[in-house]
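Notes to accompany the following structure.
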Ligand code: KG4
Ligand code: ZN
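Residue numbers (the working numbering): 35 to 429.
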């Protein structure tokens with residue numbers, strides 16, 4: 035089955051088309067087309083994502099991105115399509131709140147053949163609601179005009195699937211996954227430990243009581259006057275400090291003074307707000323913050339976050355007897371977190387299979403929406419009437 039997946043939950047407009055074969059025991063995916071337009075440069079000047087602007091950009095980008103993805107997948111053929119008045123009226127209503135998109139949509143679909151795809155998957159949440167709505171309305175309009183079934187995908191489930199998939203001979207494979215699977219989900223809006231005992235059924239094991247870990251990275255980056263998005267910038271500075279210290283895995287600076295919140299508490303929950311405040315207090319004590327100070331603080335912050343993430347995950351592995359551990363979400367791109375988890379799993383939980391997403395699959399993408407969408411589609415979990423939900427829960 036070919037799945038066309040749309041992701042617009044934040045600041046990237048992405049459409050991917052995947053050929054998907056197999057079932058829950060073993061599935062193979064090949065990426066036929068994958069087109070993306072990032073808005074990072076636009077949002078950079080505001081120091082974060084500006085929802086109304088994100089929505090407008092998605093509305094502008096969706097048709098060109100769809101065309102590019104179909105073209106790459108060799109599914110784009112010119113042909114005049116007659117759209118009935120009734121369908122046209124329904125679609126106009128769906129796209130009424132997306133100025134400019136309606137015109138571009140009709141112009142495009144009336145000039146191209148209906149592509150051979152089996153289903154359309156779209157992110158329904160969590161994310162920025164105005165941004166999610168554009169993708170959902172676009173998907174609903176496409177499903178109507180092409181008469182295709184629609185799958186609503188939870189973005190965090192997408193991050194789990196991105197980690198479960200491994201590359202092999204230019205394909206993505208999900209096979210030999212031993213249950214239960216424990217997922218550490220770390221992104222701009224989430225910090226959760228989630229257990230999957232059977233496919234697509236989730237239990238919450240722990241979560242942040244305040245800030246998400248990606249949010250803490252971004253806020254600390256702002257305190258250090260680093261550009262948005264802050265996570266990769268902190269990571270770059272911390273790595274630079276680490277290499278100067280001559281240690282490839284963990285530095286130890288004179289400023290080993292940031293707290294490790296809740297690390298010894300008897301639960302799998304997290305808290306990162308205090309850590310952020312501790313960085314602020316630390317900065318207040320330094321009169322002129324130099325580049326070296328920034329590197330030391332980035333290093334210490336990254337070490338503190340990684341210590342907490344590891345301790346809580348290790349506790350959850352013991353409590354749940356999970357056989358597989360996946361790390362998903364944008365923060366999973368962090369090399370120090372990846373390195374620490376790889377080393378610690380080998381040392382402390384050698385029987386647990388660790389899955390970390392490939393670099394391009396760790397941050398938001400539409401391939402992961404197609405993977406999760408396929409697992410829903412083969413269970414016939416199609417949806418017609420659903421809404422964008424900025425806080426859509428996984429559990
Ligand atoms: O999953 P994602 O792309 O978007 C959300 O669903 O939130 O995650 C974005 C978050 C941002 O907070 C960003 O700073 C963080 O992931 N991030 C990183 C790294 N790359 C992205 N944090 C730490 N180290 C990185 N290398
Ligand atoms: Zn994400």
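For each residue, glycine too, the CB sits at the ideal point set by N, CA and C.
Open item on the list: Nearest by alpha-carbon distance to residue 91: which of 45, 54 and 365 is it?
Closed with: Residue mapping note: residue 91 aligns to position 57 of the chain shown, counting from 1. Of the listed residues, the one whose Cα sits closest to residue 91 is 45.
Task: Under the three-state DSSP convention, the category residue 286 falls into - done: Residue numbering aside, residue 286 sits at position 252 when the chain shown is read from its first letter. Bear in mind that a pLDDT of 47 at residue 286, under 50, signals an unreliable position, so the model cannot answer this.
- [ ] Could you check which residue in 291, 328, 326 and 335 has the C-alpha nearest to that of residue 306?
- [x] Within the chain shown, residue 306 is the residue found at index 272, counting from 1. Here the closest residue by C-alpha is 335.
TODO: Inspect the CB distances between the stretch 96-109 and the stretch 48-58 and report whether three or more fall short of 8 Å.
DONE: At 8 Å Cβ cutoff, the stretches touch.
TODO: With DSSP as the reference, label residue 281 as helix, strand or coil.
DONE: Residue numbering aside, residue 281 sits at position 247 when the chain shown is read from its first letter. Confidence at residue 281 is low in this model, with a pLDDT of 49, below 50, so the placement of that residue should be treated as unreliable; the coordinate-derived value is given next. The three-state secondary structure of residue 281, taken from DSSP, is coil.
- [ ] With a threshold of 7 Å, establish whether the CB of residue 306 neighbours any heavy atom of the ligand KG4.
- [x] Taking the chain shown and counting its residues from 1, one reaches residue 306 at position 272. No, Cβ of residue 306 sits at least 7 Å from all heavy atoms of the ligand KG4.
- [ ] For residue 135, I'd like the list of residues in its chain whose CB is within less than 6 Å of its CB, leaving aside the five on either flank, ordered along the chain.
- [x] One-based indexing of the chain shown puts residue 135 at position 101. Exclusion of the five residues before and after residue 135 leaves 93 and 129 as the residues of its chain whose Cβ lies within less than 6 Å of its Cβ.
Task: For residue 332 and residue 38, the rounded distance between their alpha carbons - done: Position 4 of the chain shown, counted from the first residue, corresponds to residue 38. Position 298 of the chain shown, counted from the first residue, corresponds to residue 332. Near 39 Å, if we compare the C-alpha coordinates of residue 332 and residue 38.
- [ ] Please check the pair residue 168 and residue 139, which I expect to be a contact at CB under 8 Å, by giving their CB distance rounded to whole angstroms.
- [x] Residue 168 sits at position 134 when you count from the first residue of the chain shown. Residue 139 sits at position 105 when you count from the first residue of the chain shown. In this structure residue 168 does not touch residue 139 by the C-beta definition: roughly 11 Å separates them, more than the 8 Å allowed.
- [ ] Give a single yes or no on whether residue 77 has its beta carbon closer than 7 Å to a heavy atom of the ligand ZN.
- [x] In the chain shown, counting from the first residue as 1, residue 77 sits at position 43. For the ligand ZN, not one heavy atom lies less than 7 Å from the Cβ of residue 77.
Open item on the list: As a quick exercise: from 413, 354, 364 and 62, pick the residue whose alpha carbon is nearest that of residue 202.
Closed with: Here residue 202 corresponds to residue number 168 of the chain shown, with the count starting at 1. Answer by Cα proximity: 62.
TODO: Identify every residue that forms a DSSP beta bridge with residue 241.
DONE: Within the chain shown, residue 241 is the residue found at index 207, counting from 1. Answer by DSSP bridge pairing, in chain order: 226.
TODO: Let me have the residue list for the ligand ZN: C-beta closer than 5 Å to any non-hydrogen atom, ordered along the chain.
DONE: What you get when you keep residues with a C-beta closer than 5 Å to any heavy atom of the ligand ZN is 221 and 398.
Open item on the list: Rounded to whole angstroms, what is the Cα-Cα separation between residue 311 and residue 339?
Closed with: On the chain shown, position 277 is the one that residue 311 refers to. On the chain shown, position 305 is the one that residue 339 refers to. When rounded, the distance between both Cα atoms is 14 Å.
Task: The alpha helix (DSSP H) enclosing residue 193, as first and last residue numbers - done: Reading the chain shown from its first residue, position 159 is the one you call residue 193. Following the DSSP letters along the chain, one finds residue 193 inside the alpha helix (DSSP H) bounded by residues 189-198.
Task: Under 8 Å between C-beta atoms of residue 29 and residue 240 - done: For the chain, the structure presents residues 35 to 429; residue 29 sits outside this window and is missing.
TODO: Taking 8 Å as the cut-off, decide whether the C-beta atoms of residue 193 and residue 157 are in contact.
DONE: Taking the first residue of the chain shown as 1, we reach residue 193 at position 159. Taking the first residue of the chain shown as 1, we reach residue 157 at position 123. Cβ atoms of residue 193 and residue 157: not closer than 8 Å.
Open item on the list: Could you check if residue 263 belongs to the surroundings of the ligand KG4, using beta carbon to heavy atom distance under 7 Å?
Closed with: The residue you call residue 263 lines up with position 229 of the chain shown. Result yes, Cβ under 7 Å from the ligand KG4.
- [ ] With residue 63 as the anchor, note down where its beta strand (DSSP E) starts and where it stops.
- [x] Counted from its first residue, the chain shown places residue 63 at position 29. Per DSSP, the continuous beta strand (DSSP E) segment holding residue 63 begins and ends at 60-72.
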